[in-house]
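S.K.: Sharing a structure here in structure tokens format.
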Amino acid sequence: MGRRDCHNRLSDGVFMKKFWAFAAALFLSSAALAAPADTAKAVQDYAKRMAMLEAQDRDQRAAAIRGALEDNPGSPFIGHPQADVTIVEFFDYACPYCKAVEPRLAALVQRDKGVKLVLKEFPILTKQSMVASRMALAAMKQGKYAPFHLAMMRHLGPLEVSDIEQMAKASGLDVVRLKRDMNAPEVTDEIIANFNQARAIRAFQTPAFIVNGHVLGSESANINFPAEVAAARKRANP
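Per this note's numbering, the very first residue in the sequence shown carries number 773; after that it's consecutive.
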């Protein structure tokens, strides 16, 4: 039912845009007749309601595909497989904000054994991003995804193919095999699945985070991950 509702909302996107445009015009034309202070408050209240509705919509979309987000066997993860809180991250190796948040996530997973971090390769920024993601997913076949992933996340400056290959070698990977495996159908399937999941939850930039089905709307620098984990546990056990 959830998947069908999600599909219907997507197909009705044009209608919904026209509806909200009409509603906004009607609301603002009425508000313009009020006193300036009242108008400002009315606009703020309207913006808050719209933000709340958008957040609810994102969470509903995430709920519809939560299994694919959290338990796709093709998606690598760090942490305990039976964790009670799952953080899903859509990221790009060329994204400085993804790299900035990585130490906090790594520390959280290390400290809290009840947290699992699912890593969604989402190469949207550069050509090198795609190469990095393909090689990272291929590294799973050699059992060395985690060290290779961390090496690329901690790399400073532009990411070139030569850098990726050097870090792969330093991570103990067979680079010749890696180059062959990076074009395997399952690697392509995982990247396509990630793009489809990101589109489904309206994630169009990196990083994007989902915690136990709740899509975080704050900028990554402002996210208090321990607090979000605690809130997820409270929602699960009110």
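Note that the Cβ used here is the ideal one computed from N, Cα and C, for glycine as well.
1. DSSP three-state label for Ala866, please.
2. Look at the alpha carbon of Ala918 and the alpha carbon of Asp829, and state the distance between them as a whole number of angstroms.
3. Along the beta strand (DSSP E) that carries Gly851, what are the first and last residues, could you check?
4. From Ala910 to Met954, what does the alpha carbon distance come to, in whole angstroms?
5. Under 8 Å, with one C-beta from each stretch per pair, do the stretch 970–979 and the stretch 891–902 reach the 3-pair mark?
6. What is the DSSP secondary structure of Lys899, counted as helix, strand or coil?
7. Tell me, which residues are paired with Phe981 by DSSP?
8. What does the alpha-carbon distance come out to for the pair Ser847 and Ala940?
9. Could you check if Arg952 is buried or exposed, using at least 16 other CB atoms within 10 Å of its CB as the buried criterion?
10. Roughly how far, in whole angstroms, is the beta-carbon of Ser943 from the beta-carbon of Lys899, given that I think they are within contact range, below 8 Å?
11. One question on the structure: do Gly985 and Asp831 come within less than 9 Å of each other, judged by their Cβ atoms?
12. Taking the alpha-carbon positions, what's the Ser990 to Gln914 distance?
13. Answer with buried or exposed for Ile936, where buried requires no fewer than 16 other C-beta atoms within 10 angstroms of its C-beta.
14. Spatial neighbours of His852 within its chain, please: CB distance less than 8 Å, with the 5 preceding and 5 following residues excluded, ordered by chain position.
15. Just to confirm, is the Cβ distance from Met925 to Glu958 under 9 Å?
16. Should Leu922 and Ala855 be called a contact, given that it needs their Cβ atoms to be closer than 9 Å?
M.R.: Checking against the coordinates, here is how it stands:
1. coil
2. 33 Å
3. Phe849 to Gly851
4. 5 Å
5. yes
6. helix
7. Glu861
8. 19 Å
9. exposed
10. Not really, about 22 Å apart at Cβ, beyond 8 Å.
11. yes
12. 36 Å
13. buried
14. Lys885, Gly886, Val887 and Lys888
15. no
16. no
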